[in-house]
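This is the structure we're talking about:
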């Protein structure tokens, strides 16, 4: 009876998966369940559509490129008129598992996030009103909004809801490590397993845990030693206003980390080897030997799962009344 | 016997298709035949890979976007550091049917074209040597070059050959108009058919003919009345050095023309209605009524065929030794 209650409490506390995975701090990624296919299809098109930007050149996929681990693989992103972004574009893959969105968690969920870059003058440089106006003028989109929402009326709530619904499908199950967790002990090599053991024993799992191996908490960048960032970003304090939250950033997921270089919120670490050593030094006060570092890196590379698997979307053409992009307009 | 010789001569002269289609000036698009799938798959990845640019941000697909009719749908393209291009990006769809590549035909074929933008300082801003160095450092690519070419050695010849092989697959058969040409008389409406009749009777077919409804000759922009272009491009004379070739441009294909706005080499015409009226006026000395214009436009919209139909490629990640992009480097 006592055990039964204990298990029930643990499940309520959200650690049921830990039990299911034999107490491991990392749990397998679950495949996404699509409940509204029309909404997801619409969201996919919107995700790839550069007409949501002022220039007609930048889409969600420009900086969260699904051919490249859901990132742009450059330290900070390129925005409207080639403006340099202040922070590294986090991967969209498995982002539905994040505790909140953006490095500082200023968006509660994917829908709240999706509207940000569209209207950010340094990113897509557009406005919600203008983006909605463009979509409303495109008959192919109007038909899809009707199908997904039962109404031909486009608004930013629907636009961001559709994008979020698509993004929720971007999980990456079936990594070799997940196969290992599910019982296939041959799915990873001896060195990779040794790397996982080091990852646990060294304390990396204190922050990088759960199905996304991160993404579920905010932590200070530089716990043991200070981190000198290439970015002006101050992290969580920008949201909470609390000085104690300075340099607290959302812990990034390590899923597909082999593909999401460069690393850290300022994109300063070009390689996994460098990122692992920096993290060990500034977060754990630890120095890995070259051999240990290689094993941890080998383990991290087992976290690459099934990448997005869908046909390139074909976007509905603009109509004669669709406002045209203004990529070279002087302010 | 005489008839037999005549038919044989006509076939030699390349007009056999005209006979096969009942003498129509436009012939159906044929589906592509893939002889080397590994080469096409490699080319598809390269086509989508922004690491062929200095910034790591611009790929072939940035300006010849296969979600948008193989174009970027802006008057002139955005290049490295947001440079404004001098000319409208022509569609890559059905470009294998072109007599030559670029508006001025300065590249003999798709392979010769593919190397141009990579090394153009105003486009991808890279160099062939640097692009090859990046690819050679990526194990996933090296394996694919080995599979496609039998050797792990990457060079620009192989890179452009693979991109061209992929581009050759980008034909768009099965448009409603092709179905009509093949005998399904219900595939187009009465108005669309009337538009086709106008298109033939007015002389549009003098230049816009063949399977691509264009793409097979160079013609002067402004035969009857001068065209005042928004572009400094002088056309074919830049290649031949002959003054007689000034403002001669490759006739663009009208396949998928509903998707390839804006129109003309300077991208000055936003709508098909405007493009049709301008062409009639400056090329044919003709003025369409609003009703005639609408019929021609309706016909042109029947030329949209099967769009690219493949899965979004997943690109092999860079290795620790891969040179990193330099999007914000000062010259």
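Chains as they are written, first to last, in my numbering: chain E, 4 to 334; chain C, 4 to 334.
Cβ coordinates follow ideal geometry from the N, Cα and C atoms, glycine included.
Rounded separation between residue i and residue j - CA only
| i | j | result |
| --- | --- | --- |
| residue 258(E) | residue 96(E) | 8 Å |
| residue 142(C) | residue 58(C) | 21 Å |
| residue 3(C) | residue 147(C) | There is simply no residue 3(C) to check, as chain C begins at 4 and stops at 334 in what is shown. |
| residue 320(E) | residue 137(E) | 11 Å |
| residue 66(C) | residue 315(C) | 17 Å |
| residue 215(C) | residue 279(E) | 54 Å |
| residue 21(E) | residue 251(E) | Low confidence applies to residue 21(E): its pLDDT is 44, below 50, so where it sits in the model is not reliable, and the reading given next is rough at best. The alpha-carbon atoms of residue 21(E) and residue 251(E) are separated by roughly 26 Å. |
| residue 155(E) | residue 49(E) | 16 Å |
| residue 12(E) | residue 36(E) | At residue 12(E), the pLDDT of 37 sits below 50, so the modelled position is not reliable and the matter cannot be decided from this model. |
| residue 33(E) | residue 186(E) | 15 Å |
| residue 41(C) | residue 69(C) | 20 Å |
| residue 268(E) | residue 209(C) | 59 Å |
| residue 237(E) | residue 183(E) | 38 Å |
| residue 325(E) | residue 109(E) | 33 Å |
| residue 63(C) | residue 90(C) | 16 Å |
| residue 111(E) | residue 99(E) | 11 Å |
| residue 331(E) | residue 81(E) | 15 Å |
| residue 305(E) | residue 276(E) | 15 Å |
| residue 144(C) | residue 194(E) | 25 Å |
| residue 288(E) | residue 266(E) | 19 Å |
| residue 329(C) | residue 232(C) | 35 Å |
| residue 302(C) | residue 31(C) | 15 Å |
| residue 130(E) | residue 122(E) | 4 Å |
| residue 192(E) | residue 52(C) | 31 Å |
| residue 190(C) | residue 181(C) | 9 Å |
| residue 113(E) | residue 284(C) | 51 Å |
| residue 179(E) | residue 198(E) | 14 Å |
| residue 292(C) | residue 188(C) | 26 Å |
Supposed contact pair residue j and residue i - C-beta distance, whole angstroms, cut 8 Å
| i | j | result |
| --- | --- | --- |
| residue 308(E) | residue 176(E) | 5 Å |
| residue 299(E) | residue 201(E) | 5 Å |
| residue 83(C) | residue 125(C) | 7 Å |
| residue 327(E) | residue 273(C) | 6 Å |
| residue 87(C) | residue 94(C) | Between residue 94(C) and residue 87(C) the Cβ distance is about 20 Å, and since that is not below 8 Å, they are no contact. |
| residue 29(C) | residue 218(C) | The Cβ separation is near 12 Å, so there is no contact. |
| residue 174(E) | residue 157(E) | The Cβ separation is near 28 Å, so there is no contact. |
CA nearest to the CA of residue i, picked from the options
| i | options | result |
| --- | --- | --- |
| residue 234(C) | 203(C), 92(C), 123(C) and 60(C) | 92(C) |
| residue 76(E) | 245(C), 43(C), 54(C) and 89(C) | 54(C) |
| residue 169(E) | 151(E), 158(E), 179(E) and 178(E) | 151(E) |
| residue 311(C) | 86(C), 41(C), 47(C) and 188(C) | 47(C) |
| residue 227(E) | 236(E), 206(E), 131(E) and 245(E) | 206(E) |
| residue 270(E) | 181(E), 284(E) and 255(E) | 255(E) |
| residue 61(C) | 286(C), 128(C) and 204(C) | 128(C) |
| residue 107(E) | 248(E), 149(E), 330(E) and 265(E) | 248(E) |
| residue 43(C) | 317(C), 145(C), 172(C) and 243(C) | 172(C) |
| residue 105(C) | 330(C), 242(C), 304(C) and 288(C) | 242(C) |
| residue 45(E) | 266(E), 167(E) and 123(E) | 167(E) |
| residue 264(E) | 303(C), 229(C), 322(C) and 211(C) | 322(C) |
| residue 101(E) | 318(E), 211(E), 132(E) and 284(E) | 211(E) |
| residue 246(C) | 198(C), 223(C) and 134(C) | 223(C) |
| residue 221(E) | 103(E), 284(E), 56(E) and 85(E) | 103(E) |
| residue 230(C) | 244(C), 51(C), 282(C) and 192(C) | 282(C) |
| residue 333(E) | 204(C), 56(C) and 85(C) | 85(C) |
Neighbour list for residue i in chain C, Cβ cutoff strictly below 7 Å
| i | result |
| --- | --- |
| residue 247(E) | Result: empty, since nearest Cβ-Cβ is about 33 Å, beyond 7 Å. |
| residue 70(E) | 51, 315, 316, 317 and 318 |
| residue 331(E) | 87 |
Within chain E, the residues that residue i reaches when beta carbons sit closer than 8 Å
| i | result |
| --- | --- |
| residue 175(C) | By Cβ distance, chain E contributes nothing, its closest Cβ being about 11 Å from residue 175(C), past 8 Å. |
| residue 264(C) | 320 and 321 |
| residue 60(C) | 65, 75, 77 and 81 |
| residue 310(C) | 317 |
| residue 84(C) | 85 |
Within chain E, partners of residue i - CB distance below 9 Å
| i | result |
| --- | --- |
| residue 327(C) | 76, 77, 78, 264, 265 and 273 |
| residue 261(C) | 320 |
Chain E contact residues for residue i, given Cβ-Cβ distances below 7 Å
| i | result |
| --- | --- |
| residue 276(C) | 323 |
beta-carbon residue i near the ligand GDP non-hydrogen atom, thresh 7 Å
| i | result |
| --- | --- |
| residue 302(C) | Annotation note on the ligand GDP: not contained in the displayed structure, which lists no ligands. |
**OP:** Evaluate contact between the region 252–267 of chain E and the region 285–298 of chain E, counting only Cβ atoms and requiring at least three cross-stretch pairs below 8 Å.
**Re:** no
Original post:
Is the region 147–164 of chain E touching the region 113–121 of chain E in the sense that three or more CB pairs, one from each, lie closer than 8 Å?
Top reply: yes
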